[in-house]
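Participant:
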Amino acid sequence: MARPSLADLTAFAAIVTHRSFRKAADGLGLSPSTLSHMMRTLERNMGVRLLHRTTRSVSTTEAGERLVAHLQPVLRDLDRALEEVNAFRARPSGTLRINASEGAAQILLRTVVPTFLDRYPEMALDLVTEGKLVDIVEGGFDAGIRLGEALPKDMIAVRLREEMRFLAVASPAYLAKHGTPQTPDDLQHHACIRMRMPSGKLYRWEFEKHGQELSVEVPGPLTLDHTELMAECAVDGLGIAFVPDPTAQPHLDAGKLVTVLSDWCPPIPGLFLYYPAGRHVPAGLRAFIDVLKEVVR
Numbered sequence: 001m002a003r004p005s006l007a008d009l010t011a012f013a014a015i016v017t018h019r020s021f022r023k024a025a026d027g028l029g030l031s032p033s034t035l036s037h038m039m040r041t042l043e044r045n046m047g048v049r050l051l052h053r054t055t056r057s058v059s060t061t062e063a064g065e066r067l068v069a070h071l072q073p074v075l076r077d078l079d080r081a082l083e084e085v086n087a088f089r090a091r092p093s094g095t096l097r098i099n100a101s102e103g104a105a106q107i108l109l110r111t112v113v114p115t116f117l118d119r120y121p122e123m124a125l126d127l128v129t130e131g132k133l134v135d136i137v138e139g140g141f142d143a144g145i146r147l148g149e150a151l152p153k154d155m156i157a158v159r160l161r162e163e164m165r166f167l168a169v170a171s172p173a174y175l176a177k178h179g180t181p182q183t184p185d186d187l188q189h190h191a192c193i194r195m196r197m198p199s200g201k202l203y204r205w206e207f208e209k210h211g212q213e214l215s216v217e218v219p220g221p222l223t224l225d226h227t228e229l230m231a232e233c234a235v236d237g238l239g240i241a242f243v244p245d246p247t248a249q250p251h252l253d254a255g256k257l258v259t260v261l262s263d264w265c266p267p268i269p270g271l272f273l274y275y276p277a278g279r280h281v282p283a284g285l286r287a288f289i290d291v292l293k294e295v296v297r
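Numbering of the sequence shown is given in UniProt numbering, commencing with residue 1 and proceeding in unit increments.
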């Protein structure tokens, strides 16, 4: 059996992690065809099939499952060793991978990212926006951004944004034509712009006032999966949207939207950057956190 190269083993581990040749290729900066060739070479050198491949999916064989179980800890130890050496450099280098929602990514791009990339030119930032919540350790991310109320356990959290609110908003023209709801129950008589979660479920609008909590499944002819689009549709008079205040604020400032049921929309814990406790913190992540803290102050 020919000894496989570190590059081939790293590529194999990436495919298993992503369960996709395309996603693994994107993460490694390779073409899918190059990655496929590397796997054929790896399997040929090892003399055993490691992956089951179809046009739609990829999974490990029993041999592949055993290999990756031993390989992943070794690669993590290797990354840790390289990172410890990197700490002796005057400036951190490498790639920092952060998982965030699109809204959180927009906040980072407006605030932390420009300073970080300017100050640390040898760093690259891989900012992945996904609607669904992911396990950042399993996904190979250095950190994630999430609302404070949804932070996983055993994570260290650094505040990115103070308390925020989800706001019910509509255009003045819509309210002039259809009236203004006074309570969440009144939404049953309005066209609401609903939101579909990555899981496929419809998001229930959550309200609270004087300790009374309501979770409302609103009606409406339009369902979207993007808060910016929801706000734009509300501006166009298509109904009432329920969106985070950073999304609504530019339209509120321009007078294109107004809030309704504002006394039913309490603040919730803001956004936090989080990363695993008890693990070595890469120099690039430490540098990013330092910039983040400066911006927040």
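Yeah, the Cβ is synthetic: ideal placement off N, Cα and C, and Gly gets one too.
As the structure is a prediction and not an experimental result, all values here were calculated from the model.
1. Going by beta carbon distance, what residues of the same chain come within less than 8 Å of P276, once the five residues before and after it are set aside?
2. With H, G and I counted as helix, E and B as strand and the rest as coil, what does DSSP make of L238?
3. Skipping 5 residues on each side, what residues in its chain have a beta carbon closer than 8 Å to that of L10?
4. For G279, I'd like the list of residues in its chain whose CB is within less than 7 Å of its CB, leaving aside the five on either flank, ordered along the chain.
5. Run the CB neighbour count on residue 368, radius 10 Å, all protein chains shown included, and call it buried at 16 or more, exposed below.
6. With a cut-off of 8 Å on the beta carbons, I'd call residue 304 and L187 a contact; round off their distance for me.
7. On the DSSP bridge list, what partners appear for Y275?
8. Three or more beta-carbon pairs under 8 Å between the region 227-244 and the region 189-203, yes or no?
9. Excluding the five sequence neighbours on either side, which residues of its own chain have a C-beta within less than 7 Å of the C-beta of T60, listed in chain order?
10. Within 10 angstroms of its Cβ, does D8 collect 16 or more other Cβ (buried), or is it exposed?
11. Secondary structure at C192, three-state DSSP: helix, strand or coil?
12. At a cut of 8 Å, does the region 166-177 reach the region 91-109 through at least three beta carbon pairs?
13. Check the C-beta distance from R165 over to P267 and give it rounded, since I have them as a contact under 8 Å.
14. On the CB-based measure, 16 or more other CB atoms within 10 Å of its CB, does L6 come out buried or exposed?
15. Between the Cα of F272 and those of R97, E163, A81, spot the shortest distance and give me the residue it belongs to.
16. On a Cα-Cα basis, can you pick out the residue from A287, T259, Q72 that is closest to Q182?
17. Let's see if you can read the secondary structure: which residues bound the beta strand (DSSP E) around I136?
18. Spatial neighbours of E129 within its chain, please: C-beta separation below 7 Å, excluding the five flanking residues on both sides.
19. Measuring only the C-alpha atoms, how far is residue 306 from V218?
20. I need the straight-line Cα distance from L252 to L229, nearest angstrom please.
21. Which same chain residues end up closer than 8 Å to R3 when comparing Cβ atoms and leaving out the 5 residues on each side of it in sequence?
22. State yes or no: is the C-beta of A234 within less than 8 Å of the C-beta of L214?
23. On the three-state DSSP scale, how would you describe K209?
24. How about K209 and W264: are their beta carbons less than 8 Å apart?
Facilitator: If we stick to the structure as given:
1. Counting only Cβ-Cβ distances below 8 Å, and skipping sequence neighbours, we find I136, V137, D154, M155, I156.
2. coil
3. The residue asked about is misnamed: residue 10 is Thr in this sequence, not Leu. Counting only Cβ-Cβ distances below 8 Å, and skipping sequence neighbours, we find L28, L75.
4. Looking at the sequence shown, residue 279 is not Gly but Arg. There are no such residues.
5. Coverage of the chain is limited to positions 1 through 297, which leaves residue 368 absent and any answer about it impossible.
6. In the structure as shown, the chain begins at 1 and stops at 297. Residue 304 is therefore absent and cannot be evaluated.
7. I156
8. yes
9. V16, L50, L51, V68
10. buried
11. strand
12. no
13. 5 Å
14. exposed
15. E163
16. T259
17. That residue, I136, is in no beta strand (DSSP E); it is neither H nor E in DSSP.
18. As written in the sequence, residue 129 is Thr, which differs from the Glu given in the question. Here the set comprises A100, S101, E102, A105.
19. Nothing in the structure corresponds to residue 306, since the chain is present only between 1 and 297.
20. Each residue's Cα considered, the two are about 15 Å apart.
21. N45
22. no
23. strand
24. yes
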